[in-house]
Amino acid sequence: MAHEKYQELLNTLHDCMVQCNHCYDACLNEDDVKMMAPCIRLDRECADICGYLAQAITHGTPYVAELASVCAKICEDCGNECKKHEQEHCQKCADICMKCADACRKVA
């Protein structure tokens, strides 16, 4: 199967999607949700593109490189936003987002 060559990326995309969803949910429970709005927005964008890229890879899309390039940009932006916040969930999210951005760039 074509997606087998992307197994490491698929694993990373899944991990990033899960962590972004967790960060999103945790940010909604912070005292100053309004201050967390950019983080929440990027968590959603990042989780969505990671999930979409994983699906597209398993569907055999011919656009892996193009989608991975977009995913890398969104992951990096999310990671940079999460780095700004001291909460543990944000710091963990920043780490996996940067890892995912690097993994995406390798196939972009």
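Numbering follows our numbering, in which position 61 of the sequence shown is assigned residue number 455; successive positions increment by one, without gaps.
Built from N, CA and C at the ideal position, the CB exists for glycine as well.
Exercise for the section: Going by CA-CA distance only, name the one from C414, C444 and Y446 that's closest to P432. Expected result: Looking up residue 432 in the sequence shown gives position 38. The shortest Cα separation from P432 among C414, C444 and Y446 belongs to C414.
Exercise for the section: Return the CA-CA distance between N474 and C494, expressed in angstroms with no decimal places. Expected result: Indexing the sequence shown from 1 puts residue 474 at position 80. Indexing the sequence shown from 1 puts residue 494 at position 100. Looking at the two C-alpha atoms, the distance is approximately 13 Å.
Problem - Backbone secondary structure at P432 - three-state DSSP - result: Within the sequence shown, numbered from 1, the residue matching residue 432 stands at position 38. DSSP places P432 in helix when its eight states are reduced to three.
Practice task
Compute the Euclidean distance between the alpha carbons of L447 and E398, then round it to the nearest angstrom.
Solution key: As a first step, residue 447 must be located in the sequence shown, where it is residue number 53. As a first step, residue 398 must be located in the sequence shown, where it is residue number 4. In a straight line, the C-alpha of L447 is about 14 Å away from that of E398.
Handout entry: Nearest-angstrom Cα separation, counted from E460 out to C444
Key = Locating residue 444 in the sequence shown gives position 50, counting from the first residue. Locating residue 460 in the sequence shown gives position 66, counting from the first residue. Their backbone Cα atoms lie some 13 Å apart in a straight line.
Exercise for the section: Report the three-state DSSP secondary structure of N405 (helix, strand or coil). Expected result: Stepping through the sequence shown from its first residue, residue 405 is reached at position 11. Under the three-state reduction of DSSP output, N405 falls in the helix class.
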